[in-house]
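Chains as they are written, first to last, in numbering that gives the first Met the number 0: chain A, 0 to 338; chain B, 0 to 338; chain C, 0 to 338; chain D, 0 to 338; chain E, 0 to 338; chain F, 0 to 338.
Number of protein chains: 6
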Amino acid sequence: MTGKVVCFGEVLLRLSAPGHELLLRQPRLDVHVGGAEANVAAALAAFGHRVAVAGTLPDNALGHAARGELRRLGIDADGLALAPGRMGLYFYTTGAGHRPSEVLYDRAASAFALAAPASYNWPALLAEARLLHLSGITPALGANTAQAALDAARAARAAGARVCFDGNFRAKLWAAWDGDPRAILRGLFEQADIAFADHRDIGLVLGQVFDDGDAQARFAAAAGAAFAAFPQLRRIACTVRAQASVDHHRLGALMAVRDGGVHVCAPIEMAGIVDRIGGGDAFAAGVLHGVLGGMDDAASLAFGQAAGVLKHYLPGDALTLGVAEVQALVDGERLDVRR
Amino acid sequence: MTGKVVCFGEVLLRLSAPGHELLLRQPRLDVHVGGAEANVAAALAAFGHRVAVAGTLPDNALGHAARGELRRLGIDADGLALAPGRMGLYFYTTGAGHRPSEVLYDRAASAFALAAPASYNWPALLAEARLLHLSGITPALGANTAQAALDAARAARAAGARVCFDGNFRAKLWAAWDGDPRAILRGLFEQADIAFADHRDIGLVLGQVFDDGDAQARFAAAAGAAFAAFPQLRRIACTVRAQASVDHHRLGALMAVRDGGVHVCAPIEMAGIVDRIGGGDAFAAGVLHGVLGGMDDAASLAFGQAAGVLKHYLPGDALTLGVAEVQALVDGERLDVRR
Amino acid sequence: MTGKVVCFGEVLLRLSAPGHELLLRQPRLDVHVGGAEANVAAALAAFGHRVAVAGTLPDNALGHAARGELRRLGIDADGLALAPGRMGLYFYTTGAGHRPSEVLYDRAASAFALAAPASYNWPALLAEARLLHLSGITPALGANTAQAALDAARAARAAGARVCFDGNFRAKLWAAWDGDPRAILRGLFEQADIAFADHRDIGLVLGQVFDDGDAQARFAAAAGAAFAAFPQLRRIACTVRAQASVDHHRLGALMAVRDGGVHVCAPIEMAGIVDRIGGGDAFAAGVLHGVLGGMDDAASLAFGQAAGVLKHYLPGDALTLGVAEVQALVDGERLDVRR
Amino acid sequence: MTGKVVCFGEVLLRLSAPGHELLLRQPRLDVHVGGAEANVAAALAAFGHRVAVAGTLPDNALGHAARGELRRLGIDADGLALAPGRMGLYFYTTGAGHRPSEVLYDRAASAFALAAPASYNWPALLAEARLLHLSGITPALGANTAQAALDAARAARAAGARVCFDGNFRAKLWAAWDGDPRAILRGLFEQADIAFADHRDIGLVLGQVFDDGDAQARFAAAAGAAFAAFPQLRRIACTVRAQASVDHHRLGALMAVRDGGVHVCAPIEMAGIVDRIGGGDAFAAGVLHGVLGGMDDAASLAFGQAAGVLKHYLPGDALTLGVAEVQALVDGERLDVRR
Amino acid sequence: MTGKVVCFGEVLLRLSAPGHELLLRQPRLDVHVGGAEANVAAALAAFGHRVAVAGTLPDNALGHAARGELRRLGIDADGLALAPGRMGLYFYTTGAGHRPSEVLYDRAASAFALAAPASYNWPALLAEARLLHLSGITPALGANTAQAALDAARAARAAGARVCFDGNFRAKLWAAWDGDPRAILRGLFEQADIAFADHRDIGLVLGQVFDDGDAQARFAAAAGAAFAAFPQLRRIACTVRAQASVDHHRLGALMAVRDGGVHVCAPIEMAGIVDRIGGGDAFAAGVLHGVLGGMDDAASLAFGQAAGVLKHYLPGDALTLGVAEVQALVDGERLDVRR
Amino acid sequence: MTGKVVCFGEVLLRLSAPGHELLLRQPRLDVHVGGAEANVAAALAAFGHRVAVAGTLPDNALGHAARGELRRLGIDADGLALAPGRMGLYFYTTGAGHRPSEVLYDRAASAFALAAPASYNWPALLAEARLLHLSGITPALGANTAQAALDAARAARAAGARVCFDGNFRAKLWAAWDGDPRAILRGLFEQADIAFADHRDIGLVLGQVFDDGDAQARFAAAAGAAFAAFPQLRRIACTVRAQASVDHHRLGALMAVRDGGVHVCAPIEMAGIVDRIGGGDAFAAGVLHGVLGGMDDAASLAFGQAAGVLKHYLPGDALTLGVAEVQALVDGERLDVRR
């Protein structure tokens, strides 16, 4: 496929307690490389796209290892800057049944958070790019990253690349500094061709509340308002998640297309979830795969839903299955051992 | 909270096959520290209570390690005697689906079982105690421990502390010596302010059968008889467990209060159980937390049920989650990742 | 029990990714010894039968280790030849939910596949045998093994032993050489007293299609045709498997008896499957245990179904539980911890 | 080779802390099957001998697993009785440098220790035996095992088999009951054709002290006295061990032959020891291999020394390398990777 | 023993690559709890002293776990404050041969580093204290901790407790802020009764250079100058370390006593080092054990040297062996397995 | 650095027993990616060179994973063809002390061995190449790879790139087909500018014997003859290895330069070796780093020796340390913990 996808965001290490243990009950942590945008990059690379990650890693053994892991997944990591500072970490406890999983962030003052916006050479980083992917986590980290995200989005549009923005609103991160999420996120929505956002995310940005009717109705109303507010925006998609227990969810999906109505994927039952982290990122990557590859919108949404579902059954932050394996779920292939 | 809870019983090592393996199919055993009373102690400590464990451990590396583990959990272990002898062990195989889990006891002739009743200085051990917790496992281990349990209960009442007795009837243990369970357990029920027991446990002690009606009716009848027989007894509680499979249970709860009727908690569905051991102990600790903390009886029972449920989703013998995490289940908080 | 069971087939090593990981995401492979016929042997040994495995292993550390593992299970492995060559391997990825498990065979040109038919001394290998067990995998591996399987079956009948043949048709294996599966498998069906085969297996061998009616009707029709075509054949059995997800199946069972109609076991729900590999082999072993031990046909089938179900809850390729544990499932014993 | 070797003794489980950790610092124990006589059996089986182990194991999952492990090693375990009781255990901490390794026995009241001497049918157990191997650990365990060991030795001689006795004096075990080690061990020495013992062991049995001169002189004097006292005794061998540190030893070897003087093997330097347990048992097995196979005495001793040395570089209690690998050390083969 | 020892400093988590791997070559980190002062506390607790740790931990799962680990070791952790912030971490790679081990600090802006000096209630924390132990790492972390260390030392002297100060100069830590190490460390030396420091540490503080003669002469000269400069100082001790390779060192020890000359322990050879971290802390604890327990100075130094040596053979940051095990090395006990 | 290094050879998986275990004593294999040429590529990439690997991998999960691992190390793997077939494997047992390590090859009929010589597009694969690296293992695998190696070497010279050839003679591999090693290796020597070979390798190719004098004299004589026979050859280097035990070697190094004499590096003592595999490949990479970077010959040899030594202290097949870490050993930096 021609043209590469550039994902800009923080690459993190997940340090998790083994199995379903609480942290440090065993003297060991399992390590995964993650980060919302890196997860999207990994899935798109597994789907056969040319993908690069832009950002900043600490110039130490942890940063080097994270960069190597992205390369292992077939991602172009040459645009990742190495700078003094610390690695962004998060500690993770895998819940079960009625005990929720927990994230303990330890990412403050990371090399990424401290990198000056001017340290990124966007024309060079975006050369040959057909799409820039960003998420709302990056601007939530502080003034540096909020500015860098906006710079990146503007540079992408200037270079003729599409912009995809995944809202990913996390109140706890925004609370750590004095940035105004509504204004900053609005600035990013203004650049986006594709947005991943539900009615709450859109409501936050538009200063509106969309709570009439069922999930589909709320989303349709919010999407309509977003299309009105952001003229360049063409598609908005989100998942619809319901929890029967910590490891048994149902995952539906919605996509609104400008002048094209709302596509709906009925929920898929997910019992015995293996690793819920990155489900939304895999969904986004699946939808992007469809959109970039010229699939029709309904097919793109279904591919995204299947990608999202499959991520729940793979350990680690990113989906690394190929197109055929995702398509098999869309197509309803049998579930017995493949020999 | 003022006044400490003293738990008297045997601290055991659980040696379990990894994952769902049979014993010794892999050349490795996973180790947990357990024992019904220590489990109650651990949960109460996690709930913020001052807790001490009384008993006897072997004066060797295993006994020292078990004592250290109790301390790690915030339990006062200074009252645990160290004596010659062996550590009580049990080997454990975690079942799944239609294959039951199995306990293989190797606790005969342990330092605890052999400790002379006179070796315990109850006035000292019970100083500042507001409650003594005992279980029916201790008297089942032999004449020494049967006597020690009775001594402890009497000393507690003499010192003005309440006594809690968890029936925990295990026929296999009683079969190993010539003690009369009915008489011995009756002696302990006579001291108890709170008992954990179902209609079968009560029936055994009273020499009656309570099998008319459904679970609630049988329990109500048995509780009524128990209140009649044991004038100091104020509360009796039990769980109501149904198994759909080895790792899918339903857990309800009942509590009879003297002159207060029977409180009922509707069953909670528990699919994908992680570790069923200690579920009853966590229930008991949860109820005790409510009772000691002045919660009303219905709330205490609900807290106990939630504690019992959560234990099924945590590896190891003891629940080590805090009050907030248990209360969140009572309150029906959402089950997605806590970030 | 008098008379031994001889199982002839390839002993394989399973190299599997840990937990639910993809291959080589962690730098480690878990190892199990397997192979359809060895699995049947292991289960029969666990049920208390005298069992021997015949075949060929490479004369190197891997072959020696596989032989040792069979011995550990109580199988007589003295008849396994050691010869130059390589060990048959398969790499395995354990799926979950909507992500299927995958087998990657690496068994071509193994010592077993290359062993000359004349290298087996069947009269010696079958001494004291009451039954020879074979599967359709062996003839699928090439001309050598196809001939050896036929030799073995004929020698067994000549020696007065019964022959059991498990169809186990695997198109991918047959595709690797120019053997005619229909003719070769027919040759083996002609020797069999007991066959494990469903309506598709029988249809393949007879060149017919049995697709009228439900599973039971199709099986009855196919079995009738097989009894007509193969006069020595007395029993045909198969499982009926339905998948709700990769780790949630339903397993029913059918057995047709010459002049005895079709016995049916209602499906057993299997949620939270631990290891699906070898489920069919455990079923076959269970049925054979019943037949060899003089149980009536319905009881044999139920024992086989229970054995098959239990294998899904035990890691590894073979069921190694005893008769009492299988019978407990048939009898519907309770599913709580056995203490 | 014709005629089997029967080893009589307790089969134990070693539960050891991983790596160089102290016990229970990590929640895991590594498991090995051991026991002095089983170790000799395992090595002889690896050297190609027909070997059986006699003794008693508990009829539970642990006993079954230990039996399976012996079978895996090619040992005939059909003569091992299964009886009620517990498994003999020992906990192990692997030292390093200046921190000694430690054994914590938990073998009291095991099924083996409690087995009645009359429970062994020696004529059956010793059928086809060319040699019975015993150690001084067995009589140290109590009156039952002391009697059984003597019964076995007498039955072996009555059946025309040779008797090998490895002194293995452990004061701590003898201290646990009122047996007289001198009298009991003397009774066993009286039956032995081959003894493994140093000048202290011999001195203990004979009530003499042999401390004049260097190690070789003391051994020669003691051996001379032993040959005088025990007319049937033909060979006495021992290792000479010096410790530079916990994991750096030097191992020499001595063998006295009646009317044949003392053979001496110069010490072999052992730096970086992996697992010291079972070194003496491997030495004994190596010497027995030479003696049973008709090697001359010097060659037998050198083979024993090499077997003993190699055990130090293999994890677990038993040496499981073949004759060629031991002989390669005797022959001084190169130490680079074998490809 | 009467009176407790209070250790004030940062409790850290060590996250280390397994075995001799580089960081993140395997997706796993091994975790130990460390920190120079906590290591001293752990060793003193293992030697039987009453020990408390003062400091600040983050009020999250990591801080709670670290506190629990100290409690497991028998340390009084009730004086450890819990505060918002992050856990101090360090990543560790264990070298071998010619490849050095590496520490990657990630401790900036930890809850300990940010804790206000006024947050410590020294009179309460030092109640019943006979000795306060501090190290030069604490003041190196920033102005807060430099002030807190000085406050603690002054409060200790005011309360009549002795002060022990371990120089532990780390240029890299001091370089991260504008504190003047010479002045700050001098302030702490002025409070110390016992100091652990070599001629370079003393030279740094006094602004002198002591490089004439051999190690002992340099140390004697520096100690003399220190005694002159710091009138309350009574003892100065240090190790003398030489490296043959990364895992083969030699460790000697020196102690100067005011008006008492210099005691010297000849170097002990340490081949095959298991874990070098904490060697100096164990030495300090060993010397303190001697001094606090009234051993003579030569014996205290020898005990300290043995403690330091033994730490190199135990995984983790702290020595947790008892007095008998350390004394055994001083006494030259044999190095074979203790059974 | 300008111009890339292309390494052509088979990428293998090493499947090794954990720790010092024998194969399959634990049900687990540790996995590393290796292969002589890939090891050189990995080290050069770690030294900062642009490096590509050419060859053929199976188009399955194993081949994909191996390719990902090379990418993780910063190697350009886009030139690696994916083709049907199997992955080359080798099983590995890590020896210790007097027990040698062992390689069990399972690489016959791999996708690499079966790839047609014409399948490689050398002009494309060698674009921008400044050096092609080959080893004698590739031609030993069969006629296909022998031809492909020769094609590659000729194409490299035609494209103006230098050729480096590492003899790596393995008699066992050559024995598996009828190729004439002398003629084939001679063909490759004829293309080489740099050769890694000792006096035996050169003697084999030239049909001569060089055994007069010590190691240096033999090497000098052989190198002189090689320079005479191969006019394009400019440098020949080799290590000189002596074994004190399996994990204690001494490693010296020699390099002969046309018209420049023989450079000698004195042996470095290597006690406590961690992983000896790939030591020669790291040496070759180190020498190439020096030669490509314009270091003088003595410095290049010293860098190569240090690289070779350091590989012995790093788990896995390849050295992945940077230039600074290798240079530190050349420079004799201190060996204590780097903080």
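We treat Cβ as the ideally placed atom computed from N, Cα and C, and that holds for glycine. Because the structure is a prediction, the values reported are computed rather than measured.
Cα-Cα separation, residue i to residue j
i	j	result
E/Ala-298	E/Ala-255	13 Å
A/Ala-236	A/Gly-212	18 Å
A/Ala-196	E/Val-32	42 Å
C/Met-86	F/His-132	32 Å
D/Val-162	D/Ala-194	9 Å
F/Ala-40	C/Leu-81	39 Å
Short CB-CB distance (under 8 Å) between residue i and chain C
i	result
D/Met-0	Because the pLDDT of D/Met-0 is 48, which lies under 50, any placement of that residue in the model is unreliable, and the question is left without a value.
F/Leu-61	yes
F/Asp-177	no
A/Val-286	no
E/Arg-25	Per the sequence shown, residue 25 of chain E should be read as Gln rather than Arg. Chain C, which has a Cβ nearer than 8 Å to the Cβ of E/Gln-25, makes this yes.
C-beta neighbour in chain D for residue i, strict 8 Å
i	result
C/Glu-68	yes
F/Leu-21	yes
F/Arg-275	yes
Neighbour flag for residue i against chain A, beta carbons, 8 Å
i	result
E/Val-30	yes
Contact under 8 Å by Cβ, residue i with residue j
i	j	result
B/Arg-27	D/Arg-234	no
A/Phe-7	A/Ala-154	no
Short CB-CB distance (under 8 Å) between residue i and chain F
i	result
E/Asp-246	yes
A/Glu-34	It should be pointed out that residue 34 of chain A corresponds to Gly in this sequence rather than to Glu. Chain F contact via Cβ: absent.
C-beta neighbour in chain B for residue i, strict 8 Å
i	result
C/Pro-17	no
Cross-strand partners of residue i (DSSP beta bridge)
i	result
F/Ile-193	F/Cys-163 and F/Arg-234
D/Glu-268	D/Arg-249
C/Met-254	C/Ala-236 and C/His-262
Whole-number beta carbon distance between residue j and residue i, since they are thought to touch under 8 Å
i	j	result
B/Val-10	B/Ala-53	Not quite, the Cβ-Cβ distance comes to about 10 Å (not below 8 Å), so this is no contact.
Minimum Cβ-Cβ distance from residue i to chain E less than 8 Å
i	result
F/Val-322	no
F/Val-290	no
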